[in-house]
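Numbering (our numbering), first residue to last: 9 to 349.
Down below is the structure, laid out as structure tokens.
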Ligand code: 13P
Ligand code: SF4
């Protein structure tokens, strides 16, 4: 059975915003960036941006990174205001870690299809079926779901978190089935119970696209995010030799950054959301980066624009707050992760 045929549809749980085309000239972009920089100083704010943000948003950020790096930055910042250029669950994580700070998410439409695949009620029902299991929640979950979980993890540390759990304890791994598959392979654990969630963007990165990219570019290195719909197939093809073991890597977005700095290769096929290419190209302008699927665009991430950041800094809205009792319980799971990494 193909991987896509095996997917439960969660599509009715979220609405995908359209991607706006911004027609600003370079001078207009520069002027907005200057205004943001001034307002940021006045508000004592820090701008944190995920690797999938628009290029011009990445350019004004104090820090650009993956989910793990962003939560570490949020936990450490001395700023009063955090402008979170990412999606809702990431801003919630910042609000949980810094309850005394103002956390802004410039557009509330910035949700996440993967986080929408599991609710706290669904997790509670699932836990009843496996009462001995330890719950490991990917960071792409709501604060309420994290509050029901034992450990949080990101794609950068999921295997490390799973290894920290005694081998005889079953693990409920939520919500991403593709990441769970990679973690099960990396840890060799057979007692991982996999929730069937997925990201609507990464699922579109398909085995056929990977294979044709590799065939057309014989020396290219393949960097695949573990949320991608092609991961099981790619792992099987590494095992049977169709994909070169020495040139195929399953990596978080920050893992990709580290990999290209150390690799001797000149060309990379990038299997993740296309925003990542800006950061990679900036870090290594002499190397070539090709998206495995150029249409893998996260509409949620792209709702954050310079205009919305400006407006948000002007009015200090929309603010993300997590009710204290949920925050307290969710924080346990996040802190356990931060202690391991
Ligand atoms: P990273 O943690 O690798 O940044 O991935 C998180 C993610 O999927 C954001 O969409
Ligand atoms: Fe969520 Fe997927 Fe967008 Fe990441 S790329 S924020 S997992 S919808």
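C-beta: ideal position from N, C-alpha, C; glycine also.
| Asked | Found |
| --- | --- |
| What would DSSP say about residue 275, mapped onto helix, strand or coil? | strand |
| Return the first residue and the last residue of the beta strand (DSSP E) that residue 299 is part of. | 296-299 |
| Given this structure, state the Cα-to-Cα distance separating residue 178 from residue 142, to the nearest angstrom. | 6 Å |
| Quick test of the definition: if touching needs 3 or more C-beta pairs under 8 Å, does the region 181-192 touch the region 116-126? | yes |
| Measuring only the C-alpha atoms, how far is residue 175 from residue 134? | 21 Å |
| With DSSP as the reference, label residue 205 as helix, strand or coil. | strand |
| Can the beta-carbon of residue 112 be found less than 8 Å from the beta-carbon of residue 92? | yes |
| Where does residue 97 fall in DSSP's three states? | helix |
| How about residue 235 and residue 163: do their beta carbons lie closer than 8 Å? | yes |
| Do the region 308-317 and the region 49-65 make contact, defined as three or more Cβ pairs closer than 8 Å? | yes |
| Note down, in chain order, each residue of its chain lying with its Cβ closer than 6 Å to the Cβ of residue 58, except the 5 sequence neighbours on either side. | 94 |
| Just checking my contact of residue 154 with residue 160 at CB under 8 Å: how many whole Å lie between their CB atoms? | 6 Å |
| Would the beta-carbon of residue 222 fall within 8 Å of that of residue 298? | no |
| Is residue 256 near residue 246, with beta carbons less than 8 Å apart? | yes |
| Kindly examine ligand 1 and report whether one of its heavy atoms sits closer than 7 Å to the Cβ of residue 306. | yes |
| Is residue 122 close to chain D, meaning its C-beta is less than 8 Å from at least one C-beta of that chain? | The chain labelled as chain D is not found in the depicted structure, where only one protein chain is given. |
| To the nearest angstrom, how far is it from the Cα of residue 330 to the Cα of residue 44? | 26 Å |
| Determine, using beta carbons only, whether residue 121 and residue 189 come nearer to each other than 8 Å. | no |
| What residues match up with residue 41 in a beta bridge as DSSP calls it? | Paired residue(s): none; residue 41 is not in a bridge. |
| Got a sec? Which residues, its chain only, sit under 6 Å from residue 258 by beta carbon, not counting five neighbours each side? | 190, 232, 234 |
| Measuring alpha carbon to alpha carbon, tell me which residue in 269, 273, 277 is nearest residue 290. | 269 |
| Counting C-beta neighbours from all protein chains within 10 Å, is the total for residue 38 16 or more, i.e. buried, or is it exposed? | exposed |
| Out of curiosity, what's the CA-to-CA distance linking residue 75 and residue 42? | 27 Å |
| What is the C-beta distance between residue 48 and residue 321, in whole angstroms, given that I count them as a contact (C-beta under 8 Å)? | 7 Å |
| Pull up the DSSP beta-bridge partners for residue 180, would you. | 143, 201 |
| Ignore the nearest five residues each way along the sequence and tell me which others in residue 26's own chain have a CB closer than 6 Å to its CB. | none |
| Ligand 2 heavy atoms versus the CB of residue 203: any closer than 7 Å? | no |
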